[in-house]
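Asker: Sharing a structure here in structure tokens format.
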Amino acid sequence: MNCPTALLRQLLILERIQAHITRELSRVKAQMRADGLHIVVDGHDRIDISGHEIPSGRR
């Protein structure tokens with residue numbers, strides 16, 4: 722049987738980790754915008770972070 726206190730502690734830890742990741746994502750995205758970079762995901766789940774769209778011939 723799981724201890725409710727342990728489950729609550731685990732939930733709180735995971736929420737803190739999630740909040741940290743969210744802050745870091747925001748920081749990195751802001752830095753990328755400042756650097757003129759964009760995240761582009763094409764229809765085949767390929768990602769380009771160079772600031773240029775993926776040419777349609779590269780499939």
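Add 721 to a position in the sequence shown, counting from 1, and you land on the number used in the numbering used here. Quick reminder that beta carbons are idealized off the backbone N, C-alpha and C, glycines included. Just so it is clear, the structure is predicted and the values come from calculations on it, not from any experiment.
So Arg-770 and Leu-758 are in contact, right, with Cβ under 8 Å, and what is the actual spacing, rounded?
Answerer: The displayed chain sequence assigns Ile, not Arg, to residue 770. Contact holds; Cβ gap of about 6 Å.
Asker: Taking only the alpha-carbon atoms, compute the straight-line gap between Gln-731 and Ala-740 and give it to the nearest angstrom.
Answerer: Distance between the alpha carbons of Gln-731 and Ala-740 is about 14 Å.
Asker: Express the C-alpha separation of Arg-767 and Val-761 in angstroms, rounding to a whole number.
Answerer: Rounded to whole angstroms, Val-761 to Arg-767 spans 8 Å at the Cα level.
Asker: Hey, could you find the ends of the alpha helix (DSSP H) His-765 is sitting in?
Answerer: Looking at the DSSP string, His-765 is not in any alpha helix (DSSP H), and its letter there is neither H nor E.
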